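Chains as they are written, first to last, in my numbering: chain A, 173 to 465; chain B, 173 to 465. C-beta atoms are modelled at their ideal positions from N, C-alpha and C, and glycine is treated no differently. Only a predicted model underlies this, so the values are computations on that prediction, with no experimental measurement involved.
Here it is as structure tokens:
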């Protein structure tokens with residue numbers, strides 16, 4: 173089978189052997205935003221036509237390709253959901269010469285009835301749940317996800333808009349004036365994480381990044397790292413309070429996951445790291461539930 | 173005496189009679205950012221030369237004119253501070269034909285040793301403290317101030333970067349894509365305020381503005397009001413937890429102060445409104461401590 177993670181800005185395709193081994197792969201910039209209306213079949217054939225010509229008959233797609241802006245919308249599936257439920261909710265799309273299905277995103281509601289959604293991360297979580305017992309996962313990013321895994325299924329999750337809030341607040345507030353780009357400053361980052369655990373609230377703590385600088389207690393080259401620690405620290409404090417987690421399975425690419433690992437450690441939470449590229453394994457597991465693998 | 177609130181983008185001048193009555197006033201756009209280096213004496217004469225020619229001999233300036241970017245820096249004065257301490261810390265500047273002094277801003281530290289600052293608001297608070305017994309004041313704005321007043325003095329305060337965070341998050345994140353400008357939506361605002369009192373943290377709550385829209389539970393025309401309620405609600409929840417305040421003296425211009433009044437009411441806090449233009453009275457009180465009034 174072929175598994176593809178087709179996101180907003182990139183396409184990652186995996187040719188998968190019977191045990192889930194990746195026998196070939198490609199990684200390109202052609203995200204769904206580059207595909208014109210009605211252009212998905214041609215774009216898919218252009219990307220993996222070689223593998224199809226070589227005998228592959230089944231293609232499983234996850235990511236934003238299943239959103240309203242994608243090929244067709246694969247409606248969000250309600251948690252708890254594991255590979256069986258997700259496989260049953262995949263959406264077939266017409267494609268000549270192969271069976272093509274879209275993986276749905278997941279939705280959940282918190283105790284106050286407010287919905288949350290993910291699309292793409294569910295496939296990584298399927299792979300992670302398969303190798304762990306009950307666990308609390310954290311996937312840092314523009315929209316960080318904290319997910320509770322139990323017996324192969326995603327039971328519940330919450331999204332934190334941390335990465336996007338960092339970008340907006342560091343570039344489009346008064347903090348931009350007294351901060352300069354530069355190398356990561358670990359000590360300033362740790363001060364931000366510690367600040368997040370104090371009372372006063374995030375909106376007050378943000379202003380501290382300015383006043384500390386005014387009082388010559390934070391350098392311009394430290395402001396971004398302090399702010400990063402502050403926001404990641406607030407995410408962790410809120411998520412830890414909600415989940416009661418004392419150990420977290422951390423999934424993510426190097427630089428950002430390094431920051432989260434450090435912030436979690438500073439917050440007294442044990443961290444286990446997992447390689448970021450879990451998507452191929454997740455697509456294979458869902459394919460297994462479809463009888464494809 | 174002449175009292176002037178000279179901020180970043182505007183200049184408001186008051187000619188004050190012996191009892192503090194405003195006998196003449198002017199309000200113009202010439203904020204300190206429009207004044208070239210060394211140009212403050214000429215700019216002051218240009219603004220109030222007519223009153224000086226008419227016999228005024230004393231000018232008290234407050235606001236960003238006393239910042240590093242202003243005429244000269246009037247260093248932040250440590251709390252607790254009232255009109256006597258502030259008057260003693262005013263900074264004289266050379267000016268031919270009149271005595272001119274700059275009001276200092278105030279600084280405080282929270283229990284964790286993180287500094288906070290205000291510049292301009294201290295003058296309004298001096299006026300407010302003069303008419304009240306012990307009180308908790310809230311001055312909404314780009315950088316909202318919560319100040320504890322006791323026996324004529326500002327004892328402690330905290331700043332919340334609420335207005336600026338609202339601008340950055342509403343315009344420079346994914347929330348901008350699903351929100352449209354339009355009239356205030358009171359029901360969506362109230363939902364945001366209520367959401368702020370639930371667990372999960374601000375960074376999670378922000379994402380809810382997106383998911384509620386995705387699930388057709390928040391209209392595009394409601395998103396900004398929801399987000400406004402969410403941020404103001406978080407500010408109030410944090411400040412109320414810190415101060416224990418059950419009654420707040422609210423100082424501010426109509427539209428924004430109306431929102432805060434509603435959010436405070438929804439949060440179970442009693443509100444007393446005060447006219448935003450307390451600066452003239454504050455300058456007169458500080459002038460009194462200088463023996464000028």
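For a test of the three-state rule: what should DSSP assign to residue i, helix, strand or coil?
i: residue 264/A; result: strand
i: residue 190/B; result: coil
i: residue 345/A; result: coil
i: residue 339/A; result: helix
i: residue 244/B; result: coil
i: residue 417/A; result: coil
i: residue 223/A; result: helix
i: residue 316/A; result: strand
i: residue 311/A; result: strand
i: residue 283/B; result: coil
i: residue 271/B; result: strand
i: residue 456/A; result: helix
i: residue 177/B; result: strand
i: residue 407/A; result: helix
i: residue 298/B; result: helix
i: residue 290/A; result: strand
i: residue 356/B; result: coil
i: residue 451/B; result: helix
If you drop the 5 nearest sequence neighbours on each side, which residues of the same chain put their C-beta closer than 7 Å to that of residue i?
i: residue 388/B; result: none
i: residue 334/B; result: 316, 403, 404 and 407
i: residue 363/B; result: 398 and 401
i: residue 241/B; result: 204
i: residue 258/B; result: 249, 275, 276, 294, 298 and 458
i: residue 374/A; result: 406
List the whole-angstrom C-beta distance separating residue i from residue j, where the pair is believed to meet the contact cut-off of C-beta under 8 Å.
i: residue 230/B; j: residue 174/B; result: 7 Å
i: residue 284/B; j: residue 370/A; result: 5 Å
i: residue 320/A; j: residue 415/A; result: 7 Å
i: residue 263/B; j: residue 238/B; result: 7 Å
i: residue 378/B; j: residue 337/A; result: 7 Å
i: residue 372/B; j: residue 410/A; result: 6 Å
Short check: CB of residue i to CB of residue j, under 9 Å?
i: residue 453/A; j: residue 292/A; result: no
i: residue 434/B; j: residue 358/B; result: yes
i: residue 216/B; j: residue 233/B; result: yes
i: residue 352/A; j: residue 385/A; result: no
i: residue 207/A; j: residue 308/A; result: no
i: residue 278/A; j: residue 253/A; result: yes
i: residue 344/A; j: residue 344/B; result: yes
i: residue 332/A; j: residue 332/B; result: no
i: residue 251/B; j: residue 432/B; result: no
CA-CA distance, residue i and residue j?
i: residue 382/A; j: residue 213/A; result: 51 Å
i: residue 341/A; j: residue 315/A; result: 15 Å
i: residue 181/B; j: residue 205/B; result: 7 Å
i: residue 275/B; j: residue 346/A; result: 23 Å
i: residue 438/B; j: residue 418/B; result: 12 Å
i: residue 176/A; j: residue 235/A; result: 8 Å
i: residue 412/A; j: residue 200/B; result: 51 Å
i: residue 368/A; j: residue 465/A; result: 46 Å
i: residue 247/A; j: residue 261/A; result: 8 Å
i: residue 302/B; j: residue 450/B; result: 11 Å
i: residue 473/A; j: residue 380/A; result: This structure cannot speak to residue 473/A, because chain A is shown only from 173 to 465.
i: residue 441/A; j: residue 245/A; result: 38 Å
i: residue 228/A; j: residue 270/A; result: 8 Å
i: residue 243/B; j: residue 390/B; result: 48 Å
i: residue 348/A; j: residue 427/A; result: 22 Å
i: residue 226/A; j: residue 183/A; result: 20 Å
i: residue 443/A; j: residue 300/A; result: 14 Å
i: residue 365/B; j: residue 202/A; result: 41 Å
i: residue 221/A; j: residue 396/A; result: 45 Å
i: residue 290/A; j: residue 329/A; result: 9 Å
Less than 6 Å between C-beta atoms, sequence neighbours within five positions excluded: which residues of the same chain meet that for residue i?
i: residue 255/B; result: 298, 457, 458 and 461
i: residue 306/B; result: 322
i: residue 195/B; result: 187 and 189
i: residue 198/B; result: 185
i: residue 281/A; result: 287
i: residue 394/B; result: 357 and 360
i: residue 354/A; result: 393
Does residue i get closer than 9 Å to chain C when you measure Cβ to Cβ?
i: residue 386/B; result: Looking at the structure shown, chain C is missing, and the protein chains on hand are A and B.
Measuring only from the beta carbon, is residue i closer than 8 Å to any heavy atom that is part of the ligand NAP?
i: residue 369/A; result: The ligand NAP is not among the ligands present in this structure, which contains no ligands whatsoever.
Near residue i, what residues of its chain come up, given a Cβ to Cβ distance below 8 Å and the 5 sequence neighbours on each side ignored?
i: residue 429/A; result: 312, 422, 423, 445 and 448
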